[in-house]
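Residue numbers (my numbering): 9 to 239.
The beta-carbon is built from N, C-alpha and C at its ideal position, and this holds for glycine as well.
Notes follow once the structure below has been shown.
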Amino acid sequence: MKQKSIVYNNYLERHLVSLGFKRKGGDGFIREFNGVQQIINFLYSNQNEHFVRYYNIYVGVSYPKVIEIGRQLECYTVGTIGTTIGYLTHEKTYKTWKVTDVISDTDLKMIVDDMYRCIVDFAIPYLGRYSVTSNIINDMESGLLINQADELHNLPIYYYLEGEKNHALNYMSHRLKSMEQKTLQGETDDSFICNVYDKQAIADNRHYRQYQQFCKSFISYMEQEKAVDSE
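What follows is the structure in structure tokens.
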């Protein structure tokens, strides 16, 4: 029996195209906006059931410039703000749509209509908000994006892209000092037991060393870009 696929549903695709999205890959749609990429991906699993697909929608905004900077620094930066759509709804929970192989066209259309309504009501405002760098900065600072983005590495880069180099420097300095303090207090994920006064504990802390290297590389990157701009 042929699987009825939401991803290749013409009715749904026409709706998304009307919003400016284009298909990218088998399960995703993308829309370019002011140098960023707005993403809608349709994910599914059968949850160990036969002839069934449970669909979920991932919504995200990708910043190619953040990813590019991460590559130049040879460090891992996500460069994407994203979540599944259920957490954007009023219920704020994981949301799926169940599609069986024997579903009627009428019922399938009802599911597609509900998906599209969720996209318009919740995904589009989310994509719009986080296509603006200053909104990402504000919500990272307030903790609203704590589970949706890599603040530690990305926030300094967003500061820099927003023209706030001093904020980037201050943030990295603060986080390094915070890591030092936690290490000296023994609040570290590493296996060794560190003495409160043992400065070597800082040097031995893998997470601290990795972030310290990121900070050094990013500061060097900003200085090089400044030199290029001044030529």
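- DSSP places residue 77 in the uninterrupted alpha helix (DSSP H) bounded by 72-80.
- By the beta-carbon neighbour count (other beta carbons within 10 angstroms, threshold 16), residue 79 is exposed.
- For residue 150, no beta strand (DSSP E) segment is defined; the enclosing uninterrupted segment is the alpha helix (DSSP H) at 141-150.
- Excluding its 5 nearest sequence neighbours in each direction, residue 68 has C-beta neighbours in its own chain below 7 Å: 47, 88, 89 and 90, listed in chain order.
- Within the same chain, and ignoring the five residues on either side of residue 120 in sequence, the residues whose Cβ sits closer than 6 Å to its Cβ are 17, 19 and 20.
- According to the DSSP assignment, residue 19 belongs to the alpha helix (DSSP H) that extends over 18-26.
- In the three-state reduction of the DSSP assignment, residue 49 falls in the strand class.
- The Cβ atoms of residue 83 and residue 225 lie closer than 8 Å to each other.
- Beta-carbon to beta-carbon, residue 63 and residue 14 are separated by about 5 Å, close enough to satisfy the 8 Å threshold.
- Taking C-beta separations shorter than 6 Å and ignoring five residues to either side along the sequence, the partners of residue 143 in its chain run 137, following chain order.
- Distances from the CA of residue 66 to each of 231, 159, 126 and 234 were compared; the closest alpha carbon is that of 126.
- Distance between residue 56 and residue 116, taken at the CA atoms: about 21 Å.
- Burial of residue 213 is indicated by the presence of at least 16 other C-beta atoms within 10 angstroms of its C-beta.
- Contact between residue 132 and residue 77 does not hold, since the beta-carbon distance rounds to 28 Å and is not under 8 Å.
- Annotated three-state conformation of residue 44 is strand, per DSSP.
- A check of alpha carbon separations from residue 216 across 26, 182, 37 and 114 identifies 182 as the nearest.
- Sequence-distant Cβ neighbours of residue 104 in its own chain, meaning closer than 7 Å and more than five residues away, are 62, 63 and 64.
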